[in-house]
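Chemist: Provided herewith is a single structure, encoded as structure tokens, for subsequent inquiry.
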Amino acid sequence: MLKKTDETYFEGEKESEKPTAVIIGAGFGGLSAAMVLCEKGYHVRVFDRLQTVGGRGSSKTQDGHRFDLGPTILTLPKNFEELWKRCGEDLNKHIKIEKLNPYYDLRFDDNNVVSISGNKSEFEDQIKKFAPNDLKGYRQFMRLSERQYNFAFSKKGSMGRSPMHRLWDTLKVLPRFALLRADRSVYKSAASYVTNSKLRFALSFHPLFVGGNPFTVTSMWGLVNYLEHKFGVYYIHGGAQAMANKMAEKIRSSGGQIKLNTTVEKILTKENSAIGIQLGSGEKISADYIVSNADLQNTYNSLLGHRKKKRWTKNKLDSKKWSMSLFVWHFGTSKTGSKWKNVGHHTILVGPNYKKEVNDIFIKGTLPQEMSLYVHRPSVTDKTCAPKGDDTFYVLACVPNLSFKNDIDWQKIEKSYKEKVLNVLERRLLPGLGRSIKTEYIMTPLDFKERYLSHFGSGFSLEPQMFQSAWFRPHNRSEELDNLFLVGAGTHPGPGLPGVLASAEILDDILPEVKNSAEEKAYSTKKNIVQV
Ligand SMILES: Cc1cc2nc3c(=O)[nH]c(=O)nc-3n(C[C@H](O)[C@H](O)[C@H](O)COP(=O)(O)OP(=O)(O)OC[C@H]3O[C@@H](n4cnc5c(N)ncnc54)[C@H](O)[C@@H]3O)c2cc1C
Numbered sequence: 415m416l417k418k419t420d421e422t423y424f425e426g427e428k429e430s431e432k433p434t435a436v437i438i439g440a441g442f443g444g445l446s447a448a449m450v451l452c453e454k455g456y457h458v459r460v461f462d463r464l465q466t467v468g469g470r471g472s473s474k475t476q477d478g479h480r481f482d483l484g485p486t487i488l489t490l491p492k493n494f495e496e497l498w499k500r501c502g503e504d505l506n507k508h509i510k511i512e513k514l515n516p517y518y519d520l521r522f523d524d525n526n527v528v529s530i531s532g533n534k535s536e537f538e539d540q541i542k543k544f545a546p547n548d549l550k551g552y553r554q555f556m557r558l559s560e561r562q563y564n565f566a567f568s569k570k571g572s573m574g575r576s577p578m579h580r581l582w583d584t585l586k587v588l589p590r591f592a593l594l595r596a597d598r599s600v601y602k603s604a605a606s607y608v609t610n611s612k613l614r615f616a617l618s619f620h621p622l623f624v625g626g627n628p629f630t631v632t633s634m635w636g637l638v639n640y641l642e643h644k645f646g647v648y649y650i651h652g653g654a655q656a657m658a659n660k661m662a663e664k665i666r667s668s669g670g671q672i673k674l675n676t677t678v679e680k681i682l683t684k685e686n687s688a689i690g691i692q693l694g695s696g697e698k699i700s701a702d703y704i705v706s707n708a709d710l711q712n713t714y715n716s717l718l719g720h721r722k723k724k725r726w727t728k729n730k731l732d733s734k735k736w737s738m739s740l741f742v743w744h745f746g747t748s749k750t751g752s753k754w755k756n757v758g759h760h761t762i763l764v765g766p767n768y769k770k771e772v773n774d775i776f777i778k779g780t781l782p783q784e785m786s787l788y789v790h791r792p793s794v795t796d797k798t799c800a801p802k803g804d805d806t807f808y809v810l811a812c813v814p815n816l817s818f819k820n821d822i823d824w825q826k827i828e829k830s831y832k833e834k835v836l837n838v839l840e841r842r843l844l845p846g847l848g849r850s851i852k853t854e855y856i857m858t859p860l861d862f863k864e865r866y867l868s869h870f871g872s873g874f875s876l877e878p879q880m881f882q883s884a885w886f887r888p889h890n891r892s893e894e895l896d897n898l899f900l901v902g903a904g905t906h907p908g909p910g911l912p913g914v915l916a917s918a919e920i921l922d923d924i925l926p927e928v929k930n931s932a933e934e935k936a937y938s939t940k941k942n943i944v945q946v
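In our numbering, the protein residues as written are 415 to 946.
Following this line, the structure appears as structure tokens:
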């Protein structure tokens, strides 16, 4: 790291009293990092190229319908509460979050529905009906899930909530990994406890929520079963955007700055240190620490395209397994508030040939003939997301990311693919839907690439595979440069709101504390120098 007396200020900049941190990106990773660093005593500046904060968790309002573009399911709200508490605030005073019941409905191709909820006896009653012989195995599986959660994510210092940039930290947990059979896939793990195909699906599909192939990602993802069961599945009133807005307010009221509509073009370096950023306008901004919440390939091979890489070269990152992409169809329907009474907040329509479908998407890179769909209908819980009597929906289909050489041209097939999705919806869940739609907005892999600069248009960055996790994943403390840190879905521990929040929590462990104003002053020994 450069000594603080080095000449690293740019033209027009003033000396800062506090250590300065620049954060590239105002997704949930960047926002939670900003909250942590403001609280730690840093002068924080956040830059995002979008018009709003929240990144993938932002929303768009159209014809009176609020379309939440990303996260719809909040798990582990206590981790958000902890973040707010450390900043001296009670989250619940700022945001209304509501526990859902049921959490979601799984609708299978034979029209059977399995409802997942936190009510153990209700769920076991369902199992007794459709898979009575699996009850014992289910209970054993849930005990494993609890052990996985306790080991990997239950508290600060657990594997998923502590820095993993030293190889030794990963090596020393390998025996626990072996005991928990982390070498198996989450599907294989479920299948070793229960025989019923519906139950196997119910216990193992969760990685799809964060971009992972349930037939290949580590069984540690089975922990989601326990955490959902124990702590619940929640909805954020006003959508994830409302949470992001409140986080931004908190950052500003703590003295941090957030600049939107501003693209960072370059991370400026000197010797082996990151010393600042350059914006699209050409303006240069110095910082003692740079935290990137941007896509990995964007960070390492665009923003740092001028540097030779030690580890994360373009080819190396390209060769990693990237999460799938998504086709997301948002629509508002007219006068349907009292229609489709059996359709709740979250429904998963499981396709008839689920294993083949996942294989097509993740391995072959083709569009499956028959699709599973996730249907979000927030208007049953939150009346603010649609005009009175109307409904707001989003329907999500997993599709291959853009790394595959195939003939999928999303510009050409967007409309026909939507018709295919409509067909499934009308047949299986929402009869007469086509006639009720009054407004719509579609996102294809091209939008993920364009809007979030997401490599290969992936929905969730690197897939959370075992050998792309912990030490194997790009580190929170960059391997490439001193003073550069990573937060968000691409770094440890991985995608999903609890994961990206944990990546910011980890900054707390790896960036120095600034305790009082005397120290702040002592820290600030730089000269105001006009230089590039
Ligand atoms: C459709 C969908 C549904 C999901 N559902 C759930 C769910 O229900 N529950 C859950 O927990 N998770 C869910 N996820 C996952 C979760 O949303 C993500 O893992 C998480 O939001 C990622 O946050 P992030 O901060 O890592 O990245 P992002 O949200 O992508 O934020 C990165 C930000 O950086 C900005 N940026 C990038 N490059 C630059 C640059 N050069 N200059 C300036 N700004 C830049 C981008 O504009 C963006 O705002 C979902 C994701 C998607 C896509």
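Glycine included, every Cβ here is placed at the ideal spot set by N, Cα and C.
#1: For the stretch 741-761 and the stretch 514-531, state whether three or more C-beta atom pairs, one from each stretch, are separated by less than 8 Å.
#2: Span of the alpha helix (DSSP H) holding ARG521?
#3: Using 8 Å for Cβ pairs, my map puts GLU955 next to ARG721. What's the rounded Cβ distance?
#4: Indicate, with yes or no, if ligand 1 has a heavy atom lying under 7 Å from the CB of SER564.
#5: CA-CA distance, LEU594 and ASN627?
#6: If we call anything under 8 Å between Cβ atoms a contact, is ASN820 one with MET738?
#7: Taking just the CA atoms, how far does ALA545 sit from LEU867?
#8: In terms of DSSP beta bridges, what is TYR649 paired with?
#9: Mind checking whether the beta-carbon of ILE762 lies closer than 7 Å to any heavy atom of ligand 1?
#10: Measuring straight from C-alpha to C-alpha, what distance separates GLU431 and MET578?
#11: Going by DSSP, name the residue or residues bridged to ARG459.
#12: Do you know how far the Cα of ALA918 is from the Cα of LYS940?
#13: Going along the chain, which unbroken runs of the alpha helix (DSSP H) with 4 or more residues stay wholly within the stretch 759-788?
#14: Compare the Cα-Cα distances from ARG459 to each of ILE672, LYS826, ASP923, TYR601 and report the closest residue.
#15: Could you check the C-alpha separation between GLY923 and VAL838 for me, to the nearest Å?
#16: Is GLY670 near ligand 1, in the sense that its beta carbon is under 7 Å from a heavy atom of that ligand?
#17: Please confirm if the stretch 898-910 is in contact with the stretch 704-714, defined as three or more CB-CB distances below 8 Å between the two stretches.
#18: Rounded to whole angstroms, what is the Cα-Cα separation between GLN465 and GLU697?
#19: In whole angstroms, give me the CA-to-CA distance for PHE899 and PHE645.
#20: Does ligand 1 have even one heavy atom less than 7 Å from the beta-carbon of VAL587?
#21: Report the CB separation of CYS799 from SER668 in whole angstroms; it is logged as a contact under 8 Å.
#22: For ASN897, count the other beta carbons within 10 Å of its own beta carbon; 16 or more makes it buried, fewer makes it exposed. Which is it?
Modeler: Result, derived from the coordinates:
#1: Judged by Cβ distances under 8 Å, the stretch 741-761 makes contact with the stretch 514-531, as three or more pairs qualify.
#2: Along the sequence shown, read from residue 1 onward, the residue named residue 521 stands at position 107. Element bounds for ARG521: not the alpha helix (DSSP H) but the beta strand (DSSP E), 518-521.
#3: One cannot answer for residue 955 here, as it falls past the ends of the chain, which runs 415 to 946.
#4: Walking along the sequence shown from the start, residue 564 turns up at place 150. The sequence as given places Asn at residue 564; Ser does not occur at that position. ASN564: no, Cβ never under 7 Å from ligand 1.
#5: Within the sequence shown, numbered from 1, the residue matching residue 594 stands at position 180. Within the sequence shown, numbered from 1, the residue matching residue 627 stands at position 213. If you draw a straight line from the Cα of LEU594 to the Cα of ASN627, it is about 19 Å long.
#6: For the purposes of this step, residue 820 is taken as the residue at position 406 of the sequence shown. For the purposes of this step, residue 738 is taken as the residue at position 324 of the sequence shown. Their beta carbons are not under 8 Å apart, which means ASN820 does not touch MET738 by this criterion.
#7: Start at 1 with the first residue of the sequence shown, and residue 867 comes out as number 453. Start at 1 with the first residue of the sequence shown, and residue 545 comes out as number 131. C-alpha separation (whole angstroms): 45 Å.
#8: The residue given as residue 649 occupies position 235 in the sequence shown. In the DSSP assignment, TYR649 is bridged to GLU512.
#9: As a first step, residue 762 must be located in the sequence shown, where it is residue number 348. Taking 7 Å as the cut-off, the C-beta of ILE762 does not count as close to any heavy atom of ligand 1.
#10: Residue numbering aside, residue 431 sits at position 17 when the sequence shown is read from its first letter. Residue numbering aside, residue 578 sits at position 164 when the sequence shown is read from its first letter. Here the C-alpha atom of GLU431 lies approximately 31 Å from the C-alpha atom of MET578.
#11: Start at 1 with the first residue of the sequence shown, and residue 459 comes out as number 45. ARG459 is bridged to VAL436, GLN671.
#12: In the sequence shown, residue 940 corresponds to position 526, counting from 1. In the sequence shown, residue 918 corresponds to position 504, counting from 1. Unreliable positioning characterises LYS940 in this predicted model, as indicated by a pLDDT of 41, which lies under 50. The coordinate reading is nonetheless provided below. LYS940 and ALA918 have their alpha carbons spaced roughly 27 Å apart.
#13: If we require 4 residues or more, the alpha helix (DSSP H) runs fully inside the stretch 759-788 come out as 768-773.
#14: Within the sequence shown, numbered from 1, the residue matching residue 459 stands at position 45. The residue with the shortest Cα to Cα distance from ARG459 is ILE672.
#15: What you label residue 923 is simply residue 509 of the sequence shown in a count that begins at 1. What you label residue 838 is simply residue 424 of the sequence shown in a count that begins at 1. According to the sequence as given, residue 923 is Asp; it is not Gly. So the alpha carbons of these two residues sit roughly 48 Å apart.
#16: The sequence position of residue 670 within the sequence shown is 256, counting from 1. Not so, every heavy atom of ligand 1 lies at least 7 Å from the Cβ.
#17: Yes, since at least three Cβ pairs between the stretch 898-910 and the stretch 704-714 fall closer than 8 Å, the two stretches touch.
#18: Counting from one through the sequence shown, the residue named residue 465 turns up at place 51. Counting from one through the sequence shown, the residue named residue 697 turns up at place 283. Rounded to whole angstroms, GLN465 to GLU697 spans 19 Å at the Cα level.
#19: In the sequence shown, the residue the question calls residue 899 occupies position 485. In the sequence shown, the residue the question calls residue 645 occupies position 231. Cα to Cα, the separation comes out at about 31 Å.
#20: Taking the sequence shown and counting its residues from 1, one reaches residue 587 at position 173. No, since every heavy atom of ligand 1 falls outside the 7 Å radius drawn around the Cβ of VAL587.
#21: Mapped onto the sequence shown, residue 799 falls at position 385. Mapped onto the sequence shown, residue 668 falls at position 254. Actually they are not in contact, since the Cβ atoms of CYS799 and SER668 sit about 29 Å apart, beyond 8 Å.
#22: One-based indexing of the sequence shown puts residue 897 at position 483. Under this definition ASN897 is a buried residue.
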